[in-house]
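Scroll down for the structure; my scribbles are underneath it.
Protein chains in written order, with our numbering: chain A, 882 to 1162; chain W, 24 to 164.
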């Protein structure tokens, strides 16, 4: 139980640490917006100190519900529970945010919810294929048992594309999967944080907190597929995520339609290929 | 300055609105953000995320309605900064019979930054001071 509690706290802490590292590195790069190292913490406190402005009283409770589901899912992932429980928790959390966005009855809210649903189809598909592949490879859906299997026979060697697909899905969830290395790439301005547009004030604080916890859940989930010790695997996935964030700050971004097309190819296609390959073995 | 205002001042989201004009003030502000003195200030395009409404340019009847709508969508506490001569007092265009208003006729203004165009540091310091002082509304005298 102590190990589970330590993981629970560690996963919550790792995401602000990643943000801190990102801010320190970006502040040293010329031309980047200057910020304080712990500005994400300042921003969170600021959001919680502001009021909500919704004409529908229930709207403010949806982000709270999402945050609760994120915490429950975090406990499941810390304990190495069944992957289906974790998928259910993540989907419930996302649905709470989407319903809250819809309930604002604002054009931006509806648009944000539509994009959120498009994204939900991609990453939930990737997670389902990952669960099926895990069962096929390790014979269990429980992550703590899958780790034991990974100690005997490296899981990554059987599920390389699933791991890559999950990491892509995590980047999509963190609004990082939009890189365009073409020279004619255009930026998406504020629309790249589509899901947050209908929220403001305290609700935005809860949504941000939910996203932090969720990022930690994804990193821990990916670390189960990596071959090293649990702590080292978790740190490796965190370092990869930090690299994606730094890339996101300096590389142009794609348009939304292109994002979704690429998301299906990378986050949906790679695990599917891996699953078919497992069947052919 | 309370500790909360101190924290708020380290993470300020500014929504820039050019109500009609040469865009010099808003461009000057964007350039100022690249300096070290603009630490912690970020631009946003969403009123729900904004702490400070930074208005520049001549305000006519059409843009006045939009400004009111945007202000209503911002969560409290919030501040309004009038930047440049056009937003502060209409100046060059004020005498014409064309429905030009000053910003304080439309919204409660927290601070004015005068000049055409205002200095970079003045704009940044004004935005930070408004938040540090607890979003107090400007009063003559």
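From the three backbone atoms N, C-alpha and C, an ideal C-beta is built for every residue, glycine too.
Are the CB atoms of residue j and residue i within a distance shorter than 8 Å?
| i | j | result |
| --- | --- | --- |
| residue 37 of chain W | residue 75 of chain W | yes |
| residue 129 of chain W | residue 113 of chain W | no |
| residue 985 of chain A | residue 940 of chain A | yes |
| residue 997 of chain A | residue 978 of chain A | yes |
| residue 1086 of chain A | residue 929 of chain A | yes |
| residue 902 of chain A | residue 1107 of chain A | no |
| residue 66 of chain W | residue 39 of chain W | yes |
| residue 923 of chain A | residue 62 of chain W | no |
| residue 943 of chain A | residue 889 of chain A | no |
| residue 1051 of chain A | residue 1093 of chain A | no |
| residue 1151 of chain A | residue 1042 of chain A | yes |
| residue 1057 of chain A | residue 1125 of chain A | yes |
| residue 1091 of chain A | residue 973 of chain A | no |
| residue 1119 of chain A | residue 899 of chain A | yes |
| residue 1002 of chain A | residue 1148 of chain A | no |
| residue 150 of chain W | residue 28 of chain W | no |
| residue 959 of chain A | residue 892 of chain A | yes |
| residue 921 of chain A | residue 897 of chain A | yes |
| residue 1078 of chain A | residue 71 of chain W | yes |
| residue 999 of chain A | residue 1141 of chain A | yes |
Going along chain W, which residues have a C-beta under 8 Å from residue i?
| i | result |
| --- | --- |
| residue 1079 of chain A | 71 |
So which residues on chain A does residue i lean against when the C-beta distance must stay under 9 Å?
| i | result |
| --- | --- |
| residue 100 of chain W | 930, 931, 932 |
What whole-angstrom Cβ distance do residue i and residue j have, given they're in contact under 8 Å?
| i | j | result |
| --- | --- | --- |
| residue 1054 of chain A | residue 961 of chain A | No, residue 1054 of chain A and residue 961 of chain A are not in contact; Cβ-Cβ is about 21 Å, not under 8 Å. |
| residue 86 of chain W | residue 42 of chain W | 4 Å |
| residue 132 of chain W | residue 106 of chain W | Rounded, the Cβ-Cβ distance is 11 Å, inconsistent with contact. |
| residue 1011 of chain A | residue 1047 of chain A | 6 Å |
| residue 147 of chain W | residue 64 of chain W | 7 Å |
| residue 80 of chain W | residue 109 of chain W | 5 Å |
| residue 136 of chain W | residue 47 of chain W | Residue 136 of chain W to residue 47 of chain W, Cβ: 13 Å. No contact. |
| residue 101 of chain W | residue 158 of chain W | 7 Å |
| residue 932 of chain A | residue 1039 of chain A | Their Cβ separation, rounded to whole angstroms, is 52 Å, which puts residue 932 of chain A and residue 1039 of chain A out of contact at 8 Å. |
| residue 1102 of chain A | residue 967 of chain A | 7 Å |
| residue 1115 of chain A | residue 1027 of chain A | So it is not a contact: roughly 15 Å between Cβ atoms. |
| residue 1017 of chain A | residue 1159 of chain A | 5 Å |
| residue 1130 of chain A | residue 907 of chain A | 6 Å |
| residue 934 of chain A | residue 1081 of chain A | 6 Å |
| residue 54 of chain W | residue 143 of chain W | 7 Å |
Taking C-beta pairs closer than 8 Å, name the residues in chain A that residue i reaches, listed in chain order.
| i | result |
| --- | --- |
| residue 63 of chain W | 915, 916, 917, 920, 923 |
| residue 96 of chain W | 934, 1081 |
Could you pull the DSSP bridge partners for residue i from this structure?
| i | result |
| --- | --- |
| residue 134 of chain W | W/104 |
| residue 963 of chain A | A/1023 |
| residue 78 of chain W | W/40, W/105 |
| residue 124 of chain W | W/82 |
| residue 64 of chain W | W/35 |
Whose Cβ in chain W lies nearer than 9 Å to the Cβ of residue i?
| i | result |
| --- | --- |
| residue 883 of chain A | Ordered by position in chain W, no residue passes the 9 Å Cβ test against residue 883 of chain A, which lies about 34 Å from the chain. |
| residue 1085 of chain A | 71, 72, 98 |
Residues of chain W with CB closer than 7 Å to the CB of residue i, please, in chain order.
| i | result |
| --- | --- |
| residue 926 of chain A | 30 |
Using a Cβ-Cβ cut-off of 8 Å, state whether residue i counts as contacting chain B.
| i | result |
| --- | --- |
| residue 1085 of chain A | In the structure shown, chain B does not exist; the protein chains are A and W. |
*Scan the segment 1116-1128 of chain A for residues whose Cβ lies nearer than 7 Å to a Cβ of chain W and list them as they occur along the chain.*
none
*What are the residues of the segment 28-45 of chain W that lie near chain A, defined by any Cβ-Cβ distance shorter than 7 Å?*
30, 31, 33, 34
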